[in-house]
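Remarks on the structure that follows.
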Amino acid sequence: MQLKLPPLRPAALAARIDAAPNLVSLFLERAAEQPAAPMLISKQGGQWQTISWGEARDIVASLSAALNAIGIGKGDRVVLVSENRPEWCLADLAIMASGGISVPAYTTNTEADHQHILTNSGAKAAIVSGARLAKNLLPAALATEACRTIISLEPLAEVQGLAIHEWARLIGARAPFMDEDRAAVQARATMKREDLACLIYTSGTGGSPRGVRQHHGAIMRNIAGAIAVIEQDFFPVDVPGELFLSFLPLSHAYEHTAGQYMPIGMGGQIAYAEGLEKLASNIEEVRPTFMVVVPRLFEVLRMRIAKQIEKQGGMAITLLNQALAIARKEAKGEKLSLAEKVIDQALERTIRKSIRAKFGGRLRAMVAGGAPLNPEVGIFFTAIGIPILQGYGQTEAGPVISCNRPRAKLKMHTVGPPLDGVEVKIAPDGEILVRGELVMDGYWMNDAESHKALKDGWLYTGDIGHLDKDGHLVITDRKKDIIVNDKGDNVAPQRVEGMLTLQDEIAQAMVSGDKRPYLVGVVVPEAEWALAFARDKGLPADLHKLQNEPEFVRAIQAAVDRVNQRLSVIEKVRRVIIADEPFSTDNQQLTPSLKIRRHVLRQVYGDRLDRLYKD
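Each residue of the sequence shown is one higher than the one before, counting from 264 in our numbering.
Here is the structure:
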């Protein structure tokens, strides 16, 4: 079922992207149109520095020629390991411009992770930002047969068995040949939309990552569909100037497509955040117009904003409660009374204005994806004047399949209608199936898994959901994550976990109970709340010691009980244990896109969870 909407204005820019043959030519076209306009922005020595579109084009031309000179050619895979920075984008484009295939890898990868990706992809070379990330990459490269060439953005010590090249020297050596390289990069940009652009290795919630074969057309159809939403729902964008703040890992398909190639397609600017600890100040400094984020970040921001308002007390709390009441009413599709409209206008001039200023004052929308967004979190941000568009997708589909959009009526419990050019249908067992140019060609060197995922042109997503009466897609759970209790009842764990983490006392949660009589869970206490609780009760301000304090355990259970009051009988979480540490990428309990790794958590806490049924 495809939602049909009358166009508010032609999606002219989206149409231009659909007409482009490949990502490199799209970039070169934009650079030719506005060579002096800013493109890439990063902080260097405490100051924001800019690389123009023309400068970016020249670097890509020089680097792609240098890659050819050291033996990287058509079809060769090149692994890219770096923090989010301008060179990441330039390297990604240069690899493709050289005829190669880009293979992004997470900065959090272990040596074993790198070895798997290098070996599986057959990568001939790797680009790394510096010594810190090279520590795990270089031993992995030495353990492979093909990868013998390393390009480093920063100087590296020589390593026997590897040819190490310095980024600046490679590019600098091409300076005398700039005119030649500009012409050559244009001439080489002959890839077709169906040609392989990159291998994006899935983050692996349940096993070894698989290389998703994304062709040029998959990414371009994706960004065309997303840009059509912006053109038709927000404003015409066939002019430069929109600024995206890049924060999520560029090695993830979500940021790679929406955070990099969408602004390239729009002729906009990309600013690179300095990290989570400086994200708030970076937002105020660069004043982005768009950001793509994961729901976990929204949950953190919601808690911080709510606490700040709580500290202000009095009128601030009253205004927030009024804003939430209005947002909940609008979310239900109910009309506001005259009095509520007056209050809503007053909220625009007070609480919303001040909060928007903290987000730079220019933010048109924050797009949530990568994991389900709890509707209450979406309502909270709507209430405070920060527009959130909940999207849905997966790496195997470009990755964006659908997105909430204002003109199609925002529904926080849905992920909106499918993008233009995307077909969605629901299989008899409830699985969501997707078809269109955005769908991958299959998994790299894995025909068996490819045949499971792709049947008769349809991508079997592994997600369960349905289309509502307005054509909005509603996700209920992962097919493989659904818990089936001992009575045969199906329970969606993500819904329960999302409700648990809305409690002030709980930061993270995982529930379990397959083939069991009821659900149990692992919860991570919210750190600030836990320390404040310890201080008020005269208990040790140590999270590990608090686990054994009966009063602390009862407080956590009380939070779980509050949630249970809003759950059905089969969804209630009867007992919980307190985690030894937060779920994180460092302990492998979160994927790099911040999804919980259930199989890892079950390995760590399985015995303790089992005992909850016996004690």
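Just so it is clear, CB atoms sit at the ideal spot from N, CA and C, and this is done for glycine as well. Nothing here was measured: the structure is a model prediction, and the numbers come from that model.
Considered as a whole, the region 686 to 710 harbours no complete run of any alpha helix (DSSP H) with no fewer than 4 residues. Rounded to whole angstroms, the gap between the alpha carbons of Met441 and Ile434 is 10 Å. Cβ contact annotation for Ile486 (same chain, cutoff 7 Å, sequence separation greater than five): Ile280, Thr520, Tyr524, Met525 and Gly528, in chain order. The Cβ atoms of Ala386 and Val342 sit closer than 8 Å to each other. For the 8 Å CB-CB criterion, Pro788 and Leu806 form a contact. Contact annotation: Met675 and Gly648 have beta-carbon atoms that are not nearer than 8 Å. Per DSSP, the beta-bridge partners of Ser415 are Val391 and Glu429. Across the structure, Pro558 and Gly576 are spaced so that their CA atoms are roughly 27 Å apart. Positions of the beta strand (DSSP E) runs, each at least 3 residues long and wholly inside the region 333 to 383, are given as 340 to 344 and 364 to 367 in order along the chain. Less than 8 Å divides the Cβ of Gly679 from the Cβ of His735.
For Lys732, the closest alpha carbon among the candidates Asp777, Lys672 and Gly705 is that of Lys672. For Leu508, the enclosing beta strand (DSSP E) has its first and last residue at Leu506 to Ser509. Apart from sequence neighbours up to five positions away, the residues of its chain that approach Leu353 with a beta-carbon distance below 7 Å are Ala319, Ile322, Val323 and Leu326, ordered along the chain. If you look at Phe553, you'll find it in the beta strand (DSSP E) that goes Phe553 to Val556. C-alpha of Arg451 to C-alpha of Ser365: approximately 16 Å in a straight line. Cα atoms of Arg473 and Ala438: separation of roughly 39 Å, rounded to the nearest angstrom.
Here Met773 is bridged, per DSSP, to Val785. Within the DSSP bridge table, the entry for His478 names Leu459 as partners. Here Ala534 is bridged, per DSSP, to Ile304 and Leu508. Around the beta-carbon of Arg395, fewer than 16 other beta-carbon atoms lie within 10 Å, marking it exposed.
DSSP lists Gly654 as the beta-bridge partner residues of Cys666.
Trp311 and Asp740 have their C-alpha atoms spaced approximately 42 Å apart. DSSP, reduced to helix, strand and coil, places Val826 within a helical segment of the structure shown.
Excluding residues up to 5 positions away in sequence, Ala324, Ser327 and Ala360 lie with their Cβ nearer than 6 Å to the Cβ of Val448 in the same chain. Distance from the CA of Ala588 to the CA of Thr581, rounded to the nearest whole angstrom, comes to 11 Å. Rounded to whole angstroms, Asp824 and Ala426 show a C-alpha spacing of 60 Å.
Within the DSSP secondary-structure output, Ser831 pairs in no beta bridge. Take the alpha-carbon of Ala294 and the one of Trp316: they are about 5 Å apart. Between Ala481 and Leu701 a beta carbon distance of about 5 Å is seen, short of the 8 Å cut, so the two are scored as contacting. For His729, there is no enclosing alpha helix (DSSP H); the enclosing beta strand (DSSP E) covers residues Trp721 to Leu730. Taking C-beta atoms under 8 Å as the contact rule, Tyr876 and Pro662 fail to qualify, at a distance of about 38 Å.
About 19 Å separates the beta carbon of Met773 from that of Arg829, a gap too long to meet the 8 Å contact definition. Annotation for Gln310: the continuous beta strand (DSSP E) segment containing it runs Gln310 to Ser315.
Contact between Leu717 and Gly705 holds, with the beta-carbon distance rounding to 6 Å and staying under 8 Å. Taking 8 Å as the cut-off, the beta carbon of Leu730 is found closer than this to the beta carbon of Ile689. Rounded to whole angstroms, the gap between the alpha carbons of Val783 and Asn748 is 11 Å.
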